[in-house]
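Notes follow once the structure below has been shown.
What follows is the structure, given as structure tokens:
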């Protein structure tokens with residue numbers, strides 16, 4: 001099939017041009033389209049690049065150089081880089097370009113290592129990132145319509161572009177930098193609005209802020225409707241498709257909107273993402289390498305001219321730390337896992353894979369590779385078992401360091417914990433908001449994380465009564481507690497009713513979790529929390545106290561290690577925090593943490609939010625812990641927020657390799 005596609009593509013090329021891309025007259029530093037010869041020109045000479053995607057927001061800053069160097073040594077000439085708007089403008093007018101968010105430092109590092117950049121600054125990026133990179137605070141604006149000519153949306157976009165693009169302009173290729181092209185929007189043809197006025201506005205803004213020389217382009221899938229709605233005169237139209245696509249048809253679709261110019265596949269998928277509760281996605285190294293060789297061979301058969309460009313999405317995926325993972329909606333809500341390994345050529349931890357070496361071998365047949373060896377995998381360490389929380393220096397029956405103790409050597413360890421409902425004063429220091437009916441996260445101006453909704457039973461309920469929510473009003477998971485005892489979970493597109501009993505005045509609390517806003521399609525206006533009122537036997541509940549929780553702020557300030565009120569032998573079944581410490585044996589290497597017997601929650605180490613775990617649903621069973629977040633010579637503080645039930649013996653297991661592919665499909669727990 002690939003050979004037939006290559007032969008068919010040759011026919012497309014012959015029909016679209018009568019001659020090959022020839023040497024053009026040399027010029028000053030420039031990167032341009034040559035419509036006459038259907039190619040790119042770099043400094044006046046025909047040029048083709050092989051590129052791969054890396055998302056700096058998914059890679060800890062100390063690892064940027066390692067990942068980029070491995071991409072360079074793989075034979076890539078360019079990297080493709082998204083800029084997530086919401087990662088930088090965290091609140092309206094509040095910008096963060098420091099530390100892991102220092103996009104200028106990242107771009108400068110690509111230039112230092114000799115890599116060109118294809119920049120994709122949005123304002124919408126998809127990328128399976130929270131809300132596709134759009135800030136959730138946009139939804140605070142009444143009647144806003146995202147990704148359209150809506151005045152409120154355009155005002156926010158313009159304000160952002162006036163901050164971002166001046167940082168980009170001096171790094172453009174013709175200005176002496178290494179950014180050869182800039183994408184405007186992303187796969188806009190797949191959005192319902194089809195607002196060419198919006199694209200025209202973006203084109204004007206990009207030109208005003210970046211100048212007339214920079215190459216601006218769009219990317220869309222190959223459907224006729226997508227290319228109609230996603231393209232605009234003045235923006236070079238490219239397409240994306242994977243190894244299973246018909247190459248002739250795909251590039252033929254591009255030719256229908258761009259009769260002349262280079263053929264460009266802006267996203268050729270090396271793997272795929274994972275969703276909670278589904279199998280780990282993977283593609284064979286041989287299949288990906290064969291597809292690459294077929295396409296490169298096609299180029300070689302026509303004198304290796306720049307008649308198409310090859311881009312690998314993703315070359316390195318990384319990790320959705322904290323709350324940055326997005327979600328899809330494909331008949332139901334599908335949140336993305338914390339790992340963004342993507343079965344990419346570089347693994348989540350940045351290690352070269354069999355797929356990388358297969359790709360590198362293919363590239364070496366068509367162009368020289370950089371001199372020198374491929375940098376090795378980063379060292380990993382299995383720190384072993386860690387108890388939450390040790391009461392004494394050594395668990396009973398274990399005299400070895402904590403990381404060497406096995407579960408059998410941890411009989412009924414005591415630990416320290418705090419029920420979440422007992423520490424609302426710490427997690428919501430400003431106090432609750434009173435409302436007759438529930439308010440959404442957006443109405444509360446809560447971007448990520450959790451909100452507690454508190455009320456009381458209005459009458460005695462001696463017989464089981466149905467606690468229920470209207471359709472589509474649980475966004476995304478609600479942990480229900482009656483008199484602070486966990487009764488079960490309500491879930492988006494899942495269980496939306498529970499049976500409860502109690503007495504008038506009993507406390508009813510629902511801890512609502514945002515699992516990530518939808519990042520693709522028509523549903524990116526993805527409001528969170530309780531979107532409708534709960535009812536008891538169809539009678540609406542009222543008089544709510546609502547607590548927006550600032551958990552990360554508390555943890556980063558040292559809580560709860562400074563004060564945990566209770567000790568327990570484990571086995572708690574309500575949302576609670578658990579803490580522990582461990583010391584590394586003089587090294588701070590990358591590691592992976594497993595949660596034996598735990599259900600679902602989040603993990604912080606030394607105040608750094610490593611993301612969500614969901615052991616009982618899978619497929620991901622471990623969280624990646626970069627060595628850069630660990631301390632040597634002093635204790636590492638661990639904080640776990642377990643939402644549904646900790647094991648009787650609360651232990652974590654640190655491994656030297658990840659576990660991705662175990663889908664258990666746990667059902668929602670409900671008690672009556």
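Residue numbers (UniProt numbering): 1 to 672. For every residue, glycine included, the Cβ atom is placed at its ideal position computed from N, Cα and C. Quantities reported herein were computed from a predicted structural model and do not represent experimental measurements.
Inside the stretch 310-342, DSSP marks whole beta strand (DSSP E) runs of 3 or more residues at positions 327-329, 333-335, from first to last along the chain. Taken in chain order, the complete alpha helix (DSSP H) segments of 4 or more residues contained in the stretch 70-114 are 85-88, 103-112.
The C-alpha of residue 249 lies about 19 Å from the C-alpha of residue 236. Between residue 492 and residue 457, the gap from beta carbon to beta carbon reaches 8 Å or more. Under the 10 Å beta carbon count, residue 63 is surrounded by 16 or more other beta carbons and is classified as buried.
Close CB contacts of residue 614 within its chain, under the 7 Å cut and outside five residues either way in sequence, are with 276, 600 (chain order).
Here residue 296 carries a helix assignment [DSSP, helix/strand/coil].
Setting aside the 5 residues that flank it on each side, residue 100 is surrounded in the same chain by 61, each with a C-beta closer than 6 Å to its C-beta; the list follows chain order. In this model, residue 622 and residue 31 are separated by some 44 Å (Cα to Cα).
Remark: fewer than three beta-carbon pairs, one from each stretch, lie closer than 8 Å, so the stretch 238-253 and the stretch 191-209 are not flagged as touching.
DSSP, reduced to helix, strand and coil, places residue 201 within a helical segment of the structure shown. Taking residue 111 as the centre and dropping the five residues before and after it, the same chain places the C-beta of 178 closer than 6 Å to its C-beta, in chain order.
Judged by DSSP secondary structure, residue 228 falls within the alpha helix (DSSP H) whose first and last residues are 224-230. For residue 68, the CB contacts under 8 Å within the same chain, skipping 5 residues up- and downstream, are 54, 79, 109, 110, 113, 115 in chain order.
Here DSSP, grouped into helix, strand and coil, assigns residue 209 to helix. When DSSP states are grouped into helix, strand and coil, residue 354 belongs to the helix group.
Going by beta carbons, residue 58 and residue 265 fall outside the 8 Å limit.
Counting only runs of at least 3 residues, the stretch 475-533 fully encloses the following beta strand (DSSP E) elements, listed from N- to C-terminal order: 477-482, 485-491, 497-502, 507-513. Distance from the CA of residue 36 to the CA of residue 48, rounded to the nearest whole angstrom, comes to 16 Å. In its chain, beyond the 5 residues on either side, 518, 521, 523 have a beta carbon closer than 7 Å to the beta carbon of residue 329.
Judged by DSSP secondary structure, residue 159 falls within the alpha helix (DSSP H) whose first and last residues are 151-168.
Listed in chain order, the non-local C-beta contacts of residue 149 below 8 Å within the same chain comprise 195, 197, 198, 201, local neighbours out to five positions each way being set aside. With contact defined as three or more Cβ pairs closer than 8 Å, the stretch 430-437 and the stretch 485-501 are not in contact. At the C-beta level, residue 577 and residue 639 come within 8 Å of one another. Residue 642: member of the beta strand (DSSP E) spanning 636-642, first to last residue. Between residue 335 and residue 516 a beta carbon distance of about 5 Å is seen, short of the 8 Å cut, so the two are scored as contacting. Annotated as proximal: residue 591 and residue 654, with beta-carbon spacing under 8 Å. If you check the CB distance, residue 450 and residue 531 do not come in under 8 Å.
With respect to the 8 Å criterion, residue 466 and residue 477 are not classified as neighbours on the basis of their beta carbons. When beta bridges are read from the DSSP output, residue 580 appears opposite 638. Residue state for residue 120 is assigned as strand, using DSSP reduced to three classes. With respect to residue 584, residue 383 sits close: the two C-beta atoms are nearer than 8 Å. Judged by DSSP in its simplified three-state form, residue 62 adopts helix. The C-alpha of residue 93 is placed about 12 Å away from the C-alpha of residue 158. Distance check between residue 316 and each of 612, 65, 38 places 65 closest, using alpha-carbon atoms only. Linking residue 352 to residue 541 through their CA atoms gives a straight-line distance of about 55 Å.
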